[in-house]
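Enquirer: Can you keep this structure in mind? I'll have questions shortly.
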C-alpha cells in the first residue's frame, strides 16, 4: 500500500498516510495528525526518497548479469570504486617482458563494413 508523506504548515511536523491510490484520490482535505490543522502540504521529495531506498530487487528478480552489476555498482562507495579501478588498470602501468619471438598486439583502425 502506498505511503504518502505530508507536512503541516502550522506545527511544522510531518506525518504519513497509508492509502490505496483510489482512496487517496477521494481525499479532499488532509488533516494534520498532531494539531488537526487543514494547512498541510504533501512532501513529494520524501516519498521519492522512501520509494527509491525501499525498492530493491532480490537476486531471484535480477534478469541479467548487467542488472546484478548495476545493483552492486550502486551500492559501492567512491573509495571502493577507486580501489577497483586502480586494481583493474594496474597492469597498464607495468609492462612485463614477452617471451622471445612474441610481440604485443597493436590496436588497428576500425573497419567500416559496407
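Residue numbers (my numbering): 6 to 119.
Don't be surprised by glycine CBs; every beta carbon is placed ideally from N, CA and C.
1. Determine, using beta-carbon pairs with one atom in the segment 66-79 and one in the segment 31-49, whether at least three such pairs fall under 8 angstroms.
2. Pick out whichever of 118, 44, 24 has its Cα sitting closest to the Cα of residue 15.
3. Please list the segments of the alpha helix (DSSP H) lying wholly inside the segment 9-39, counting only runs of 4 or more residues, in order along the chain.
4. Suppose you measure from the CA of residue 48 to the CA of residue 80; what does that come to, to the nearest Å?
5. Please state whether the Cβ-Cβ distance between residue 46 and residue 19 is less than 7 angstroms.
Expert: According to the structure data:
1. The segment 66-79 is not in contact with the segment 31-49.
2. 44
3. Within the segment 9-39, the complete alpha helix (DSSP H) runs of at least 4 residues are 26-31.
4. Those two C-alpha atoms are separated by around 26 angstroms.
5. no
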